[in-house]
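Protein chains in written order, with our numbering: chain X, 105 to 419; chain S, 53 to 344; chain H, -6 to 584. What follows is a set of notes on a single structure, which appears directly below.
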Amino acid sequence: MAAYVLRRLIGSVLVMWAVATLVFFMLRLVPGDPIAAMLADVGGPEEIAAMKAKLGLDRSLLVQYGLWFSNALQGDLGASIYGSRVPVTQIIAEAIPRTLSLSLLSFVIAIVIALPAGIISATRRNTLTDNAVSFLAFLGLSMPDFWLAILLIIIFAANLQWLPAVGYIPLAEGFWPWLRHLILPAIAIGTAFSAIIARMIRSSLLEVLSSDYMRTARSKGLTPRMLMFGHALPNAMIPVITVMGIAFALLISGAVVVENVFAIKGLGRVLIEGILNRDYPVVQGAILVVSAIFVFSNLIVDLLYGVIDPRIRLH
Amino acid sequence: MSDATLSPADNTRPKRRSRLLVTLAGDRKAQFGLIVLALFALAGIFAPLLAQYDPNEMTLDMMAGLSAAHPLGTDDLGRDLLSRILYGTQVSLFIGISTVALALAIGVTLGLVAGYFGGWIDTIIMRYIDLQWAFPNFIIAVYLVAVFGTGLLNVIVAISLAFVDDFARIARSMTLTLREEQYVDAARTLGFSKPRTLFVHILPNAVAPIIVQATVSVSYAILGEASLSFLGLGVDVSTPTWGLILADGRSFITQAWWLGVFPGLAIMLVVLSINFIGDWLRDALDVRQKAI
Amino acid sequence: MSADKTKLRGKLRALWKEAHDFDPKDPLFGLSAKDMSGPVLSRRATLRLLAASGTLTAAHLMPGGLTAMAEAATPGGTLNCGWAGVAEIQTLDPAQIGQVLQFQITSNVLSGLMHIDADLVARGDLAETWTVSDDGLEYVFKLREGVTFHNGDAFSADDVLYTYARSSDPEQSIHSGVLANVASLEKLGTHEVKFTLKKPQASFLTKTLERASGRAMTIVCKGALESMGASDYGLAPVGTGPFKVTEHVLGQGVTLEKFADYYDPERPKLDKVTIKPIDGVEPLAAALEAGDIQYIGGNPIAPQLIDRFKANPDLVVDIKPGPGFQSVWMNPHRDPMKVTDFDKPLDELKKEPGFMVRLAMAKALDRDTYVQQASFGYALPAYGTINPAMAFYYDEGIAETSEQAFDPEGARALLAEAGYPGGKGFPELEMLVTPSGKRNGLVVANIFKQVLGITVNLAVKEFSVGIEDFNNMEFDMRLGGSGGDYDPDDGLIDWMISDSKFNGRTRDTVKYPIGYFAESEVDALSAQQAVTADPEARRELVRKANQLTSDKVACGFLYHPVDVLVYAKSVNVPAESRIPGLTDLDRVTLG
C-alpha cells in the first residue's frame, strides 16, 4: 500500500509539472500583448520595450521557462504584470479563502438539501414524494448555475432586498456579514450538487437496503429507524463519500461562473481574468494551484477506492 | 453454437431494444424528455419557417413586453426574442450533438486503442488522459477557447476536447474488462485481426455505457456553451445561442424579465429532457452510475 | 433660448475673452509674477492659465460651485461606494495609475502641491504659498508645516524631492514624461522647494502639480514606501490626504477611514468610506437599490440604468456633457477602403473608389438611431474629435456642414459609384470591438446593413489583444475612441495628426507608410492652434482642422458620451465637491 501511495504521489506531482509546463508554453503562443495594453495610454514603443526588458519578456522562451520554474520551486510565482505588480502568491492567497468559503458553504447547502431528500426518496421509493424529489433533483441539475444566480439576485437582492447582490466579506469581519454575502452564490452553486448527491444517496441506499445483509438485519427485528441510521446509511455513504471528493473539486470549478456573477474574486475568477488579460504569471500560478486541488482530491478519491476495493490497485 | 459465442452482441441487440421499449412505457419522465426534445428538434429544424422575424433584425422597439406581435417580447436591441430562441435551438442542439460526436470519436478511439494494445501506447495515451482528468471539463473548455479564440468551430473543438477524457476512460476500462472475456479470446484464437476484434467485437459490447455517457454529455455541452457565452468566450456575437441571449440579456434583466427567463427556460427544458432520457437509458441498458 | 441663458452666455463669452487676452509669447501669459503666486490663484489668473495651456472649458466659467454651501449636515458615518465596471482596483500607486477610476480614489488619500476645486481653480494643497519668477521659469513653494503622513512621518521638502526622483524615473513611474519640462528641483529649506523649468509652461500648476489627474507630483511617503515595498504601497498608499487606506484587498475593495490629523481640522466629514468594485450592470443597480452602496464612482454607468435611476425617488442623478468621442475606424490600407494619400483636394479624393467607400460608410452612420438604440438616448452625435464639453471650441454646426452628415441616399449612391450597388460584391469586413463594446458594435453593424446592405462582422477581443492590432494597423475596422478630452489638443494632437500617439503607433512603417489618417493641413492647423492664444483665432483653427478630419473621413465619427453621477438622496454632495471626473469625498456628508 505504501509503495502504491508513493507511486501515485509521484505521479500526481508529475501531472502538475506537466500541466504547468504545458500552460507556460501555450500561453505564450496566444496572441495579445499585455505590455502594449498596460501602456496603451501612456507609453510609446521605447517604453514598451523598456517594460518588457524589465519584466524579462524579451528573453528567449526557454530562459523565461527556466527562470519561472526555478522561482516556482522556491515558492515565488512571480507578480501580476498589471498595476502594482502584486505577487501572484498574494493574489492566490487572497483568493483561496473566498473560493474555499464559497465551496464549503455550497457543499454544506448541498448536503443539507441532499441528505434528507435522498433518504426520503429511497425509503418511499416510487411514491409521489420520491417522484417529486427526483423531479426537483433533475430540475436542479438542469438549471444553468449562472441563470439561477441571476434569478436569485433579482428576487432576493433587487426585489426583496434581503441579501447583498455582490461582494465578499472575510469571516474575520464577522460570521453574519460573511454568510450574508455568500448565501446566494452558495445556493446557485450548491443546487446542482445537492441534486447529484441526493441521487447518489438514493441509489446507494436502495442498493444497501436490498442487500442480504440488510435482510438479515431486518429479520433480527431492528426498527426501521435503527436500520436506516445504524446500518443502511453508513454503508450507503461509502460510495457517496468518494463521489463527494470529486464533487468538491467540481464545486470549485462551478464557482468560476458564479464568482463572476457575484463579483467575488476567488480562484476561478483570478484564473479567467488572468487568461483574458494575458497576465501570464497570474494564469500560471492560478492553474498550478487549481490543478493541485484537483490532482490531490483525485488522488485521495483513488486511494479511498483502493481501500474499499483492493483490486483497483492492480493497475 | 460457436457463432453465438463469437458474437453475443447480435444476440443481445433485440433483447436490448425490447427492454428499452418496455422500460420506456413505464417511464413518464423519459416520455416527457423524448417529446420535449423532439419538439425542440422540430423547432430548430423549422426555425426559418416558424420564426416571424429575422433573429438579428433590430428595431427601436426595445425591451417591448409580451404581445401578439412579439409573443416573448423583444430584447435590448429590439430583436424578437421568440425568433432568436428558435434559431438558438439550432445552434444549441448542433453544438450539443457535434461536440459529443467529436469527443466520442476521439475519446473512444483513444480508449479502445489504449485498453486493447496496452504497453507504451496505453501509457502515453493514459498519461495525457490523466493530465486532462485532473481538471474539470469546464475549466479545460474555458482555457482552450481562451487560447484558440472564440467562434463556433473553436467552441465546438474546445468543448469536445474537454470531454475526450471521459469517453477515453470508459472505453478503456470496458476494453480492459472485455478483453479478458471468452468471445474475444475466441476471436483471437480464430485469428481475427486486431482492428476487427477491436471494432467488431469489443466496441459493440462497450456501447451501453458510452451511449449513456454521450447522452449526458450532450446536456453538459449545452450547459458548457451557455456558460462560455456567459463569460464572453462563446460563439461569435451575431449567432443567437441561448447562452449568448442570456448573457446579453443579463444587463437588462430587471427591465425585461423575459430576457432572463425564456432562454434560461429553454436551456433548462432541453437539459432536463436529456437528463430524463439519459436516466432511462442508464436503467434500461443496466449501466452502473458512473462517478460523475 | 431664454433671455437669461443668452445673458449668461454673453457673460461667459466676456470672461472667456478676458482670460485669453494675452500675448502668447509672454512667458507669464499677461499675468504678473504676483498674479501667478499665492496661496490661491485668483480666479482671473486661473482662467488665464487654463486658457494659455488650452485647458479652459465652459465648465470653468460657470458661476456657482463655491456659492452653494453644503447644507448643515452632521459629520460622521460610513459611505459605501460602488466602483462601476471594474473587477478590482489594480493599483493606487500614483506612479502606476493609468485610469480615472484609480485617481478618483487616491485624490482622497494622497495630496499634491496643488489641487483643483469644483471651478477647476488651482488651490494650494500641500503648497501654502508660492511665487513665480518674472521669466516664468522658477517656482518657489512654501510648504505647509506640521503636516503628517498617515503613518505619523512628518511631511517636509524631502518628500517632494523623493517623489520627484521617483516620478522622473521611467523604471518606477509611467508618468515621467509629465516632468520632462522640469530642469531641476531644489530644496531651499525644510519646507521650501524650487522648481526650475526648461521653458515656460502654462499648465504647470494645474496639470503637473495637480494631485489627482497629474499623478507625477502626487506626494508619496518615503518612509512608508521603503518599509512596505512598492507592491504593498500600491495597494494601500500612505499619504497626507483626508482619508487613509485601512484595507485594500484586490477584487474585494478598499476601505478608507478618516485621518484625524488631516491638516484641515474641518475635513473630512465622513468617518469611513468603503469602495467596492462592481463589474456587472445588474449587480451594480441591485447594490444601489438595495442600499448596499450609496454612491457610484469608477467607470461610466451603463446607459440603460440612467432612466431607471432617474425614476427612483431615493436617488440623485446628475448629468453633464462628457469629454470624449467614439468612432468607427477604417483602415486605409485595406480594400475596399483603400486610400494611400489624403493630401489631395477633397474633390479629387472623392473620385477615388476607396475614398468613396469610406465616405459612404461615414455618411451611412445614422447617429440618431445609434444614440437611441445603443445609448438609450444618453449620448450626442459626433462628427469630429472636438466634443461639447469643450464648449467654446465645439462647433454645433458641424452636424450640417460635415461631409459625414447622415445621408442614406448619398451614401448608397457613393457605394454604387465605387462599384458596389446595393452592397453587391462588397466584401465582409471585420470590426474590432472590446467585450464591453460588443453591443455598440452590433448596432453599428446593423446600421451598415440597413443603409448600405453591407456585412460587418464583429471581432470581439479583449482590450489587450485588440489594441495591438489597432496600433499595428492590422484591422479592417475598429470601434473605439477617447475619454477625458477637455482641450482641443486632446482631440487633435492625440488622435488626428500624422504622428499622434494612437495613429498606428507600432505599425510596420515600410509596409504602412501612414497610420489610419495623415493629412498635412490638419497637421499644420493642429500645431498652430496649440500655440495660438487668442480664443477666437484658436477656435477658427480648431474648427478648420476638425472639419477637415470630418470631411476627409479620418474615421466615421459616431458619438460623444455624457458624464453621469448617481448617488442616494441621503448623501450630500456639496457643489464644491462636484469636480468633473473626480469623486472627492472630504466634504461629503450623510444626512
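Note that CB positions come from ideal geometry on N, CA and C, so glycine has one too. Everything numeric in this text was worked out from a predicted model, so none of it was measured.
Using alpha carbons as the reference points, say which of the options lies closest to residue i.
i: H:P235; options: H:Q287, H:I312, H:A223, H:Y255; result: H:Y255
i: H:L585; options: H:E455, H:N101, H:A404, H:F142; result: Because chain H is modelled from -6 through 584, residue 585 of chain H falls outside the range shown and cannot be assessed.
i: S:D127; options: S:P107, S:Y139, S:I222, S:L145; result: S:P107
i: H:Q99; options: H:E529, H:E533, H:L228; result: Inspection of the sequence shows that residue 99 of chain H is occupied by Thr rather than by Gln. Closest option to H:T99, Cα to Cα, is H:L228.
i: H:T499; options: H:A511, H:F463, H:P554, H:V171; result: H:F463
i: X:S395; options: X:L126, X:L166, X:K156, X:V109; result: X:L126
i: S:T306; options: X:A262, X:F242, X:K156, X:L161; result: X:A262
i: X:T295; options: X:R189, X:L408, X:F211, X:M120; result: X:F211
Are the C-beta of residue i and some C-beta of chain S separated by less than 8 Å?
i: X:P248; result: yes
i: X:A236; result: no
i: X:Y108; result: no
i: X:N364; result: yes
i: X:M341; result: no
Would you please verify whether the beta carbon of residue i is less than 8 Å from any beta carbon of chain X?
i: S:N327; result: yes
i: H:R285; result: Correcting the residue type first, residue 285 of chain H is Asp in the shown sequence and not Arg. Taking Cβ atoms only, chain X reaches closer than 8 Å to H:D285, which makes this a yes.
i: S:I87; result: no
i: S:P49; result: Nothing can be reported for residue 49 of chain S, as the shown portion of chain S is limited to 53 through 344.
i: H:Q297; result: no
i: H:A80; result: yes
i: S:D182; result: yes
i: S:S279; result: yes
Which stretch, first to last residue, makes up the alpha helix (DSSP H) that contains residue i?
i: H:Y155; result: 150 to 160
i: S:W294; result: 294 to 301
i: H:K191; result: First-last for H:K191: undefined, no H or E at that position.
i: X:A106; result: 106 to 133
Any C-beta of chain H sitting closer than 8 Å to the C-beta of residue i?
i: S:I192; result: no
i: S:D106; result: no
i: X:E311; result: no
i: S:Q341; result: The predicted position of S:Q341 is uncertain, since its pLDDT is 45 and thus under 50; no value can be drawn from it.
i: S:V207; result: no
i: X:G222; result: no
i: X:P289; result: no
i: X:H419; result: Residue placement at X:H419 is flagged as unreliable, the pLDDT there being 40, under the threshold of 50; a coordinate-derived value is accordingly withheld.
i: S:D128; result: yes
Tell me which residue opens and which closes the beta strand (DSSP E) that residue i is part of.
i: H:E240; result: 236 to 242
i: H:A372; result: 372 to 374
i: H:Y132; result: 131 to 136
i: H:K180; result: 175 to 182
i: X:S74; result: Limits of chain X in this structure are 105 at one end and 419 at the other, which puts residue 74 of chain X out of reach.
Next on the checklist: Runs of 4 residues minimum, wholly inside the stretch 217 to 305 of chain X: which ones carry the alpha helix (DSSP H) assignment?
Outcome noted: 232 to 246, 249 to 256
Next on the checklist: Tell me which residues of the stretch 376 to 407 of chain X have at least one Cβ-Cβ distance to chain H shorter than 8 Å, keeping chain order.
Outcome noted: E377, L380, N381, R382
Item to check | Residues of the stretch 249 to 261 of chain X whose Cβ lies closer than 9 Å to any Cβ of chain S, in chain order | outcome: D249, F250, W251, L252, I254, L255, I257, I258
Item to check | Positions along the stretch 216 to 238 of chain H whose CB lies within less than 9 Å of some CB in chain X | outcome: A223, S224, D225, Y226, G227, L228
Checklist entry - Taking a cut of 8 Å between CB atoms, which residues from the stretch 292 to 312 of chain S lie near chain H? => result D300, R302, S303, F304, I305, T306, Q307
Item to check | Residue ranges of each alpha helix (DSSP H) within the stretch 269 to 293 of chain S, 4 or longer | outcome: none
Item to check | chain H contacts from the stretch 176 to 208 of chain X (Cβ-Cβ distance under 9 Å) | outcome: Taking 9 Å as the cut-off between beta carbons, the residues of the stretch 176 to 208 of chain X near chain H are A183, S184, Y186, G187, S188, R189, V190, P191, Q194, I195, E198, A199, R202, in sequence order.
Next on the checklist: Please give the ranges of any alpha helix (DSSP H) in the stretch 67 to 122 of chain H, keeping only runs that are unbroken, at least 4 residues long and fully inside the region.
Outcome noted: 93 to 99
Next on the checklist: Beta carbons nearer than 9 Å to chain H: which residues of the stretch 281 to 292 of chain S have them?
Outcome noted: G284, D288, V289, S290
Checklist entry - According to a CB-to-CB cut-off of less than 8 Å, which residues of the stretch 241 to 275 of chain H neighbour chain X? => result V242, L243, G244, Q245, G246, K269, P270, I271, D272, G273, E275
Item to check | Contact set between the stretch 147 to 174 of chain S and chain H, restricted to residues whose Cβ is under 9 Å from the partner | outcome: none
Checklist entry - Of all the residues that make up the stretch 412 to 440 of chain H, which are near chain S by a beta-carbon distance shorter than 8 Å? => result P428, K431, R432, G434, L435, V436, A438, N439
Item to check | Residue ranges of each alpha helix (DSSP H) within the stretch 121 to 188 of chain S, 4 or longer | outcome: Fully enclosed alpha helix (DSSP H) runs of 4 or longer: 133 to 169, 171 to 185.
Item to check | Whole runs of the alpha helix (DSSP H) within the stretch 208 to 273 of chain H, excluding any shorter than 4 residues | outcome: 215 to 221, 223 to 228
Next on the checklist: As an exercise, report each continuous beta strand (DSSP E) stretch of at least 3 residues that is fully enclosed by the stretch 269 to 314 of chain H, in chain order.
Outcome noted: 288 to 291, 308 to 314
Next on the checklist: For the stretch 262 to 285 of chain X, list every residue whose C-beta sits within 7 Å of some C-beta in chain H, in sequence order.
Outcome noted: A262, Q265, P268, A269, V270, G271, Y272
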